[in-house]
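As structure tokens, the structure follows; a few thoughts come after it.
Chains as they are written, first to last, in the working numbering: chain A, 1 to 395; chain B, 1001 to 1372.
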């Protein structure tokens, strides 16, 4: 077998490697005993690590420490926000059964919404987005004005994981505030990539996760204002503010906090460096494949700095991914797999693309560690791969 | 060669892929997603096409050390195999979707895509042998030595062009040895049960599946069971699911004059009339085949000691004389040993010795005394 000698990792939006500071912080605690709920000295030491992590994450993201609820990651944070807030808001006023969201959310939002609709009488309204993936604020305003009293919650992602479009969260919050409706945002892709200030933007709840920003897998947080009542999903010891039970993972939380702190501190230099690389990638791809179409917002503040997402007319994204993989270049079709079966991206469909356009797309995502050589390697391999995939796609 | 190994998640295709690697090929494993929603098709341990099967295939690829992808062939499969299966039944015929799948999916859709992507061949875990042609030109398809596992029948639809790009590394290894080899290689599917029946029919009940998918399909109306004189001897709840040669479950009200068991001789799906009679009358020795597919050169007439025809998967070999009609679109088969319970729609695969010559779809059957 002649496998490519070097791996070019262009899938940082799926997950990115841990930064050394996070590895150090995490491994420092792996040898230590102590349940953060225990009352003795070891327990207190563990608790101190957790609370310091909570404070540093709060400080980095403009939240009070008490607003940080540790979870097992982004999916749990999203589930807690949606179900927890829906149940509490509906319990307070039975008319509140509506949830407003968008058609381009991650499955960690869409699937709980569908579940709430099916099992909990929720009425979910997925608001339309523009062709570049930006939420239509007009549609949001109309939805709010039509049903304000019935709306339990609005959930709009901070930045899209597939096409990288950054959403107008501040405007969403302003509109929602006129009607007193709480706003949740899935900021899993945003933290560390664009400026995120919880109190500054004024959302009521925000999800983030460790492994997308240089921290470990399996740990994340829901930052939730105290005023937002949440019904618990996991019952037990009540470790996290009584809305999330389960012994807290001290080493993972330490690694997570170190990663968040670093990512936020370096956000602007990161965004500048990675954004320049990304622009180089986009220019290069359009040169090599002139009819490729860049999806999502124009490079700038409305697009994640590491994201480049293209449709390659006439290609199956799956074929292209496989051919690039064989050259050691790792990217993503961006779409979720349903039971292992590739599906056309719901994000692109929501953005008004055809099924064929959706199936022809590929996401390249850069992150810390990405270099000009990575971009050059992609550009060198892409032309022949696209040609091949086209030949296969026309069959 | 750069080859694609089609991995179902079963033991045969896993060992085939491993052998292809060992033979020095650059192997990429793929699992075919044949339904957008795998749960809608077969579930349970026996079949293929489930999420578990996809995971089993993935784990086998991990252990063998090859890249692995899922290819979505659901649309092609639905159009070319599932819809065809329904249409054939709706027309009162009994199709074999496995042949259709080999013809249209594994060695057409998958092979075409593989070739376009720069691969040279498709590897599967079928028990059959491709060897260089005796006359030195092209390849020949032969039965596996292990008659019990031989799958040349379901490959009888492949053309020379398809066969040239097919690798069957199991060839004629007996199944128990394949399982042993899988265990030795650390493949977790070593003791996975064989798949049976039709992969997209969840519980093996084709008639039930067809009724559900096509409530208006012909053959769901109750009708009369008559004997060869036309006298009504019973009734049925619909011809769908009844097969020629069937004896059980007829619940005939009027016993036969000679007291011998009676079998379904003929099914008329449109009128719903089912004819029964003695076993001797099931015998068929004339077959008209249409839509022939040839593995190599198109023959005009085949006869002699080694010429045989097989009429169903794992069915008997019948000595035969085969004459190909003038324009090549029709095949007249004379069976030297009669066959019993043959239904239109089944495939007749023609052999010369162990070599597969080609195949045809059975359009009509008859006896020397007259066509039925």
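For each residue, glycine too, the CB sits at the ideal point set by N, CA and C.
Around the Cβ of residue 1229 of chain B, are there at least 16 other Cβ atoms within 10 angstroms (buried) or fewer (exposed)? Position 229 of the second chain, counted from the start, is the residue given in the question as residue 1229 of chain B. Counting Cβ neighbours within 10 Å, residue 1229 of chain B comes out exposed, since fewer than 16 surround it.
Taking Cβ positions, are residue 1250 of chain B and residue 1025 of chain B nearer each other than 9 Å? On the second chain, residue 1250 of chain B is found 250 positions in, with the first residue counted as 1. On the second chain, residue 1025 of chain B is found 25 positions in, with the first residue counted as 1. Contact: no.
CA-to-CA distance, residue 117 of chain A to residue 96 of chain A, given in whole angstroms: Counted from its first residue, the first chain places residue 96 of chain A at position 96. Counted from its first residue, the first chain places residue 117 of chain A at position 117. Near 13 Å, if we compare the C-alpha coordinates of residue 117 of chain A and residue 96 of chain A.
Using a 10 Å radius around the Cβ and a threshold of 16 neighbouring Cβ atoms, would you call residue 250 of chain A buried or exposed? On the first chain, position 250 is the one that residue 250 of chain A refers to. With 16 or more Cβ atoms within 10 Å of its Cβ, residue 250 of chain A is classed as buried.
Less than 8 Å between the CB atoms is what I'm expecting for residue 1006 of chain B and residue 1110 of chain B, so what's the real figure, rounded? For the purposes of this step, residue 1006 of chain B is taken as residue 6 along the second chain, with counting starting at 1. For the purposes of this step, residue 1110 of chain B is taken as residue 110 along the second chain, with counting starting at 1. Cβ atoms of residue 1006 of chain B and residue 1110 of chain B come within 8 Å of each other, at about 6 Å.
Using three-state DSSP, classify residue 384 of chain A as helix, strand or coil. Here residue 384 of chain A refers to the residue found at position 384 when the first chain is read from its first residue. Note: residue 384 of chain A maps to helix in three-state DSSP.
Out of B/1366, B/1288 and B/1350, point me to the one whose CA is closest to residue 1143 of chain B's CA. For the purposes of this step, residue 1143 of chain B is taken as residue 143 along the second chain, with counting starting at 1. Looking at the Cα atoms, B/1350 is the closest of the given residues.
By the three-class DSSP mapping on this structure, what secondary structure does residue 1008 of chain B have? Position 8 of the second chain, counted from the start, is the residue given in the question as residue 1008 of chain B. It is coil, neither helix nor strand.
Short check: CB of residue 207 of chain A to CB of residue 221 of chain A, under 9 Å? For the purposes of this step, residue 207 of chain A is taken as the residue at position 207 of the first chain. For the purposes of this step, residue 221 of chain A is taken as the residue at position 221 of the first chain. Yes.
Close Cβ partners of residue 357 of chain A (< 7 Å) along its chain, the five nearest in sequence each way excluded: On the first chain, residue 357 of chain A is found 357 positions in, with the first residue counted as 1. 311 and 348, listed in sequence order.
If residue 68 of chain A and residue 223 of chain A are in contact, beta carbons under 8 Å, what's the gap, nearest whole angstrom? Position 68 of the first chain, counted from the first residue, corresponds to residue 68 of chain A. Position 223 of the first chain, counted from the first residue, corresponds to residue 223 of chain A. The C-beta distance from residue 68 of chain A to residue 223 of chain A rounds to 5 Å, short enough to meet the 8 Å contact threshold.
With DSSP run on the structure shown, which of helix, strand or coil describes residue 1224 of chain B? Numbered from its first residue, the second chain carries residue 1224 of chain B at position 224. Strand at residue 1224 of chain B.
When Cβ atoms are compared, which residues of the stretch 1056-1086 of chain B fall closer than 9 Å to chain A? 1058, 1065, 1066, 1067, 1069, 1070, 1071, 1072 and 1074
Proximity test, Cβ basis, 9 Å: residue 1033 of chain B and chain E: Protein chains A and B are contained in the structure displayed, whereas chain E is not.
Interfacial residues, the stretch 1106-1119 of chain B to chain A, with Cβ spacing under 9 Å: 1109, 1112, 1113, 1114, 1115, 1116, 1117 and 1118
Buried versus exposed call for residue 1041 of chain B [16 or more other C-beta atoms within 10 Å across all chains shown]: In the second chain, the residue the question calls residue 1041 of chain B occupies position 41. Because residue 1041 of chain B sits at a pLDDT of 44, beneath the cut-off of 50, its placement in the model cannot be relied upon, and the following sentence gives the value as read from the coordinates. Its Cβ being crowded by 16 or more others within 10 Å, residue 1041 of chain B is buried.
Which residues in the same chain have their Cβ closer than 7 Å to the Cβ of residue 317 of chain A, if we skip the five residues on either side of it in sequence? Translated into the one-based positions of the first chain, residue 317 of chain A becomes position 317. Within the same chain, residue 317 of chain A has close Cβ partners 333, 359, 360, 361 and 362.
Closest to residue 1100 of chain B by CA distance: which of B/1158, B/1267, B/1211 and B/1119 is it? Translated into positions along the second chain, residue 1100 of chain B becomes position 100. Checking every option, the nearest Cα to that of residue 1100 of chain B belongs to B/1158.
Could you tell me whether the Cβ of residue 398 of chain A comes closer than 9 Å to any Cβ of chain B? There is no way to answer for residue 398 of chain A, as the model of chain A reaches only from 1 to 395.
Name the DSSP beta bridge partners of residue 1030 of chain B, please? Locating residue 1030 of chain B in the second chain gives position 30, counting from the first residue. Its beta-bridge partners are B/1006 and B/1069.
Does the CB of residue 1028 of chain B have a neighbour CB from chain A at under 9 Å? Taking the second chain and counting its residues from 1, one reaches residue 1028 of chain B at position 28. Yes - at least one Cβ of chain A is within 9 Å of the one on residue 1028 of chain B.
From the DSSP output, in three-state form, read off residue 184 of chain A for me. The residue you call residue 184 of chain A lines up with position 184 of the first chain. Residue state, collapsed to three classes: strand.
Residue 307 of chain A (DSSP reduced to helix, strand or coil): Position 307 of the first chain, counting from 1, holds the residue named residue 307 of chain A. Of the three classes helix, strand and coil, the one that applies to residue 307 of chain A here is strand, per DSSP.
List the residues that DSSP assigns as beta-bridge partners of residue 9 of chain A. As a first step, residue 9 of chain A is located in the first chain; it is residue number 9 there, counting from the start. The partner list for residue 9 of chain A (beta bridge, DSSP) reads A/330.
Below 9 Å between beta carbons: does that hold for residue 1356 of chain B and residue 1178 of chain B? For this step, residue 1356 of chain B is matched to residue 356 along the second chain. For this step, residue 1178 of chain B is matched to residue 178 along the second chain. No, Cβ-Cβ distance for residue 1356 of chain B and residue 1178 of chain B is not below 9 Å.
Buried versus exposed call for residue 1045 of chain B [16 or more other C-beta atoms within 10 Å across all chains shown]: Walking along the second chain from the start, residue 1045 of chain B turns up at place 45. With a pLDDT of 34 at residue 1045 of chain B, under the threshold of 50, the modelled position of that residue is not reliable, and no figure is offered here.
For residue 1285 of chain B, the three-state DSSP class (helix, strand or coil): On the second chain, position 285 is the one that residue 1285 of chain B refers to. Looking at residue 1285 of chain B - three-state DSSP - the assignment turns out to be strand.
State whether the stretch 1256-1265 of chain B contacts the stretch 1298-1316 of chain B, with contact taken as three or more CB pairs (one from each stretch) at a distance under 8 Å. Contact between the stretch 1256-1265 of chain B and the stretch 1298-1316 of chain B is absent, because fewer than three Cβ pairs lie under 8 Å.
Might you give, ordered along the chain, the residues of its own chain that have their beta carbon closer than 8 Å to the beta carbon of residue 15 of chain A, omitting 5 neighbours on each side? Within the first chain, numbered from 1, the residue matching residue 15 of chain A stands at position 15. Answer for residue 15 of chain A: 211, 212 and 217, listed in chain order.
Where DSSP assigns a beta bridge to residue 282 of chain A, which residues make up the other side? Counted from its first residue, the first chain places residue 282 of chain A at position 282. Answer by DSSP bridge pairing: none, since residue 282 of chain A is not bridged.
Using CA atoms only, rank isn't needed, just tell me which of B/1295, B/1098, B/1352 and B/1226 is closest to residue 1164 of chain B. The sequence position of residue 1164 of chain B within the second chain is 164, counting from 1. The shortest Cα separation from residue 1164 of chain B among B/1295, B/1098, B/1352 and B/1226 belongs to B/1295.
For chain B, find out if any of its Cβ atoms is closer than 9 Å to the Cβ of residue 342 of chain A; answer yes or no. As a position in the first chain, residue 342 of chain A is number 342, starting the count at 1. Cβ-Cβ to chain B under 9 Å: yes for residue 342 of chain A.
Could you give the uninterrupted runs of the alpha helix (DSSP H) lying entirely in the stretch 48-103 of chain A, keeping only those of 4 residues or more? Annotation: the stretch 48-103 of chain A contains the following complete segments of the alpha helix (DSSP H) (minimum length 4 residues), in chain order: 74-79 and 85-92.
Could you check the C-alpha separation between residue 190 of chain A and residue 1150 of chain B for me, to the nearest Å? To locate residue 190 of chain A, count along the first chain from 1; it is residue 190. To locate residue 1150 of chain B, count along the second chain from 1; it is residue 150. Near 57 Å, if we compare the C-alpha coordinates of residue 1150 of chain B and residue 190 of chain A.
Let me check one thing: in DSSP terms, what residues is residue 400 of chain A bridge-paired to? Chain A is shown only over 1 to 395; residue 400 of chain A falls outside these bounds and no answer can be derived.
Taking residue 98 of chain A as the reference, which of A/108, A/354, A/7 and A/127 has the closest Cα? Numbered from its first residue, the first chain carries residue 98 of chain A at position 98. Residue 98 of chain A has its Cα closest to that of A/127, out of A/108, A/354, A/7 and A/127.
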